[in-house]
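S.K.:
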Amino acid sequence: MPRTARKKSCKQIYHVMLRGINKQQIFYEKEDYQFFVSLLERYKEPCGYEIYAYCLMGNHIHLLIREGNEVTTGDIFRHIGSAFVYWYNIKYERVGHLFQDRYKSEPVEDETYLLTVFRYILNNPVKAGLCCKAEEYPYSSAGEYLKGINGITDTSYIKGMYNEKNLKEYIYQKNEDQCMEMDETNRKRVTDEEARQLISKELGGVIPAIGKAKERKGLNSSINRLIRAGISIRQLSRLTGITKKIIENALE
Numbered sequence: 011m012p013r014t015a016r017k018k019s020c021k022q023i024y025h026v027m028l029r030g031i032n033k034q035q036i037f038y039e040k041e042d043y044q045f046f047v048s049l050l051e052r053y054k055e056p057c058g059y060e061i062y063a064y065c066l067m068g069n070h071i072h073l074l075i076r077e078g079n080e081v082t083t084g085d086i087f088r089h090i091g092s093a094f095v096y097w098y099n100i101k102y103e104r105v106g107h108l109f110q111d112r113y114k115s116e117p118v119e120d121e122t123y124l125l126t127v128f129r130y131i132l133n134n135p136v137k138a139g140l141c142c143k144a145e146e147y148p149y150s151s152a153g154e155y156l157k158g159i160n161g162i163t164d165t166s167y168i169k170g171m172y173n174e175k176n177l178k179e180y181i182y183q184k185n186e187d188q189c190m191e192m193d194e195t196n197r198k199r200v201t202d203e204e205a206r207q208l209i210s211k212e213l214g215g216v217i218p219a220i221g222k223a224k225e226r227k228g229l230n231s232s233i234n235r236l237i238r239a240g241i242s243i244r245q246l247s248r249l250t251g252i253t254k255k256i257i258e259n260a261l262e
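Mapped onto this note's numbering, the consecutive letters of the sequence shown carry residue numbers 11 to 262.
If you want it as structure tokens, here you go:
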């Protein structure tokens, strides 16, 4: 059965989503996230695209981009995907595909939907329970918009639509934005009992004492694994006594 042709944007702006094959994890360590971001930066000039927003989640990626005149979105992500998988397979001593064979995309034709997609992407980690505010998540462009961090995002395009105060208010505004929804916002909630079992298996010992183990070797790695297993930051903090700040710092 032939594949459905992708819808083209007359403005050349797209919301793009890549996901791990069979929903598997893509990013395990800080280095994995950083290398993917470095590829987004490396191919910007030769491929001629602009990045308006991005967010790297554990098993998928969201981007809001404007493609250039010479290189299509498909070619852009073939370059980036091939380079990342080559590096990733060497690092983790694996073979085969990492990404689901076809990325998903939708054209963004008007300013209203552009801003909706923009806010949706930045708030993806908040909706998934990985942080309380968008700028607290280290693997997205939120920090560039909300904290003035220098990065790979072309922020001037969207900043030109709002002054700084109004842009922050728009991002923080409660919303029901849905754009190419993924399973992370509809995932099954981990119950407290399930969370306790995961925490006990991961960290060992008596759960109330875990919060005192700030210096425990490998705690940050354990926190990341527990968050990826579906436990929210608030839930992990409540059940262990580990402060939300320590958990959020561990994700960085």
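Idealized CB from N, CA, C, for every residue including glycine.
Helix, strand or coil: how does DSSP classify Y155 here?
M.R.: helix
S.K.: Going by C-alpha distance, which of T163, G161, I162, V127 is nearest Y180?
M.R.: Ranking T163, G161, I162, V127 by CA distance to the CA of Y180 puts V127 first.
S.K.: Do the CB positions of V136 and I23 come within less than 8 Å of each other?
M.R.: no
S.K.: In the DSSP output, what is Y64 paired with across the bridge?
M.R.: L73
S.K.: CB L140 to CB L261, shorter than 8 Å?
M.R.: It is a contact, given that the beta carbons lie within the stated cut-off.
S.K.: If I'm right that Y96 touches C189 with Cβ under 8 Å, what's the distance once you round it to whole angstroms?
M.R.: Going by Cβ atoms, the distance from Y96 to C189 rounds to 30 Å, so no, they are not a contact pair.
S.K.: Please go through the same chain and pick out, in chain order, the residues whose beta-carbon is closer than 7 Å to the beta-carbon of N185, but skip the five residues on each side of it.
M.R.: So the list reads R129, once near-sequence residues are dropped.
S.K.: Would you identify the three-state DSSP class for V47, choosing helix, strand or coil?
M.R.: Three-state result, V47: helix.
S.K.: Would you kindly check if the distance between the Cβ of I162 and the Cβ of E51 is under 8 Å?
M.R.: Contact check for E51 against I162 passes: the beta carbons are separated by less than 8 Å.
S.K.: Leaving out the 5 sequence neighbours to the left and right, which residues in its chain are closer than 7 Å to Y113 when beta-carbon positions are compared?
M.R.: V26, M27, L28, F87
S.K.: Determine, using beta-carbon pairs with one atom in the region 244-259 and one in the region 199-209, whether at least three such pairs fall under 8 Å.
M.R.: yes
S.K.: Where L124 and K211 are concerned, what is the direct C-alpha to C-alpha distance, given to the nearest angstrom?
M.R.: 43 Å
S.K.: Three or more beta-carbon pairs under 8 Å between the region 142-160 and the region 60-79, yes or no?
M.R.: yes
S.K.: Around the C-beta of E77, are 16 or more other C-beta atoms found within 10 angstroms, so that it is buried, or is it exposed?
M.R.: buried
S.K.: Assign G153 to buried or exposed, taking buried as 16 or more other Cβ atoms, counted over all protein chains shown, within 10 Å of its Cβ.
M.R.: buried
S.K.: Put M171 into one of helix, strand or coil per three-state DSSP.
M.R.: Three-state DSSP puts M171 in coil, outside helix and strand.
S.K.: If we call anything under 8 Å between Cβ atoms a contact, is Y155 one with T165?
M.R.: Yes, Cβ-Cβ distance for Y155 and T165 is below 8 Å.
S.K.: Can you give me the C-alpha to C-alpha distance between K175 and F45, rounded to a whole angstrom?
M.R.: K175 and F45: Cα-Cα distance of roughly 32 Å.
S.K.: Take E80 and list the residues in its own chain whose beta-carbon comes closer than 7 Å to its own, dropping the five residues that flank it on each side.
M.R.: G58
S.K.: In terms of alpha-carbon separation, which member of Q245, E258, N234, T253 lies closest to F37?
M.R.: Nearest Cα to F37 within the set Q245, E258, N234, T253: N234.
S.K.: Within the same chain, show all residues whose beta-carbon is closer than 8 Å to that of K18, passing over the 5 residues directly before and after it, in chain order.
M.R.: Cβ neighbours of K18 within its own chain (closer than 8 Å, five residues either side excluded): P117.
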